[in-house]
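Numbering (this note's numbering), first residue to last: 6 to 364.
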C-alpha cells in the first residue's frame with residue numbers, strides 16, 4: 006500500500022484495539038457523525054460517496070447518522086435510494102448557490118434562507134417519507150433552540166443581545182451556554198440514539214416527513230446569516246438556529262455506546278464542541294468520550310495544496326462576491342482533488358492498522 010498523502014486516520018484507544026484485532030468492517034460501524042462547518046464539508050464529498058454508496062452497504066445493522074448544519078444535509082442525502090448520486094448532486098447544488106445581491110453586497114439573511122430552503126426542496130422534496138423509511142440508516146438532526154426572553158424569538162435587538170449573553174456565558178463554562186440555547190435533536194423514532202446526551206442541556210423530538218425539511222433548514226440557519234426557523238413542527242416552541250452553535254463538531258459521549266464503533270469523516274482532526282468554542286483551543290483536545298471513535302481527516306499539507314491553500318469556507322462568499330464564477334471554479338477544483346481522500350480511504354480499509362494515529 007502506498008503511503009497516504011491526503012488522508013490521516015485517528016482512533017481512540019478502544020477503537021485502535023479493535024482495529025488491531027480484526028480491522029474495520031462495515032458491520033462494526035454503529036454511528037457516523039457529520040459536523041457543521043459550511044463549505045468545509047464539500048471536501049468530504051468523494052469520501053461520503055464512497056462510504057455510503059459503496060462500502061457501508063456491505064453491512065446489515067442499523068447505523069445512526071448524526072448531523073449538524075451541512076452535516077445534517079449530507080446525512081439526509083446519504084439516506085436517499087442512490088446515495089452516490091444524491092451526494093454528488095448536493096455538492097453541485099451547494100457549489101452553484103447564487104444570491105440576489107445589491108451592488109455586490111453580501112445577501113440578506115432572508116435571501117440566504119430562501120436559497121437554502123429551495124436547495125433542500127430540490128434535493129429532498131417528495132422523498133422525505135422514503136428517506137425516513139430506510140431499512141438500516143437512522144437520521145438524527147441537531148439544532149439549537151433559543152431560550153429565555155432574548156432568544157426564544159428572533160428580534161432585531163434581542164437576538165444580538167441574547168447571543169452576546171450566550172458568548173459570555175460560554176466563555177465561563179460550556180454548560181452555562183445551556184441557559185441560552187438548548188440542544189434539540191430531531192430523531193428517527195424507530196431506534197433510540199445509542200449514546201447519552203447528558204453532557205449538555207438537551208431535548209429530543211421525533212423526526213417525521215412533516216418536519217424533516219424544517220429541521221434541516223433550522224440545523225443550517227447560522228445566526229445573522231440566515232433567519233431562525235420558528236417553532237419547528239413536533240419540537241418544543243422557540244426560535245431554532247444552526248445545530249453547530251451547540252454542537253459544532255458533535256464532540257459527544259460516544260464512549261457511552263454499548264457496542265460498535267463511530268466512523269467520523271471530518272475535515273480536521275480536532276472535534277470542537279460548540280461554534281463558540283472555536284477560539285477556545287483548550288476545549289479542542291480529544292477526550293475519553295472519543296474512546297471508540299475513528300476519524301478520517303485530510304492531512305494539513307494536502308489542504309495547503311488546494312485552491313487558495315485552504316478548505317472552501319463561508320468567507321469565500323465575501324472574498325468572491327464580485328466574481329462568483331471564480332469561487333465556483335475553486336470549489337469545484339477542491340471537490341475534484343478530494344477524490345484522493347476516498348481512494349486512500351479505500352486502500353486504508355484493506356489494511357486499517359497501518360498509518361493509524363492516536364486520537
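Glycine included, every Cβ here is placed at the ideal spot set by N, Cα and C.
From a predicted model like this one, the values you see are computed outputs, not experimental measurements.
| Item | Value |
| --- | --- |
| Using a Cβ-Cβ cut-off of 8 Å (strictly less than) and excluding sequence neighbours within five positions of residue 264, which residues of its own chain qualify? | 35 |
| Is residue 33 closer than 8 Å to residue 266 when the C-beta atoms are compared? | yes |
| From residue 19 to residue 281, what distance separates their C-alpha atoms? | 29 Å |
| Can you pull the DSSP bridge partners for residue 38? | 71 |
| Residues in the same chain with beta-carbon distance under 6 Å from residue 347, minus the five sequence neighbours each way, listed in chain order, please. | 51, 52 and 55 |
| Are three or more beta carbon pairs between the region 217 to 234 and the region 116 to 124 nearer than 8 Å? | yes |
| Do residue 205 and residue 378 count as a contact pair if the criterion is CB distance below 8 Å? | It is not possible to answer for residue 378, since the shown part of the chain is limited to 6 through 364. |
| Nearest to residue 175 by alpha carbon, out of 355, 142 and 250? | 250 |
| Compute the Euclidean distance between the alpha carbons of residue 329 and residue 309, then round it to the nearest angstrom. | 22 Å |
| Can you list the beta strand (DSSP E) stretches of 3 or more residues lying completely in the region 232 to 305, in chain order? | 244 to 246, 266 to 270 and 298 to 303 |
| In the DSSP assignment, what are the bridge partners of residue 191? | 146 and 210 |
| Taking residue 326 and residue 44 to be in contact with their CB atoms under 8 Å, please state how far apart those CB atoms are, rounded to whole angstroms. | Between residue 44 and residue 326 the Cβ distance is about 14 Å, and since that is not below 8 Å, they are no contact. |
| Can you grab the Cα-Cα spacing for the pair residue 23 / residue 202, in whole Å? | 25 Å |
| When you compare the region 69 to 89 with the region 297 to 314, are there three or more beta-carbon pairs, one atom per stretch, that lie closer than 8 Å? | no |
| Alpha carbon to alpha carbon, how far is residue 168 from residue 236? | 19 Å |
| Rounded to whole angstroms, what's the CA-CA distance from residue 212 to residue 241? Just pull it up for me. | 13 Å |
| Tell whether a beta-carbon distance below 8 Å holds between residue 271 and residue 300. | yes |
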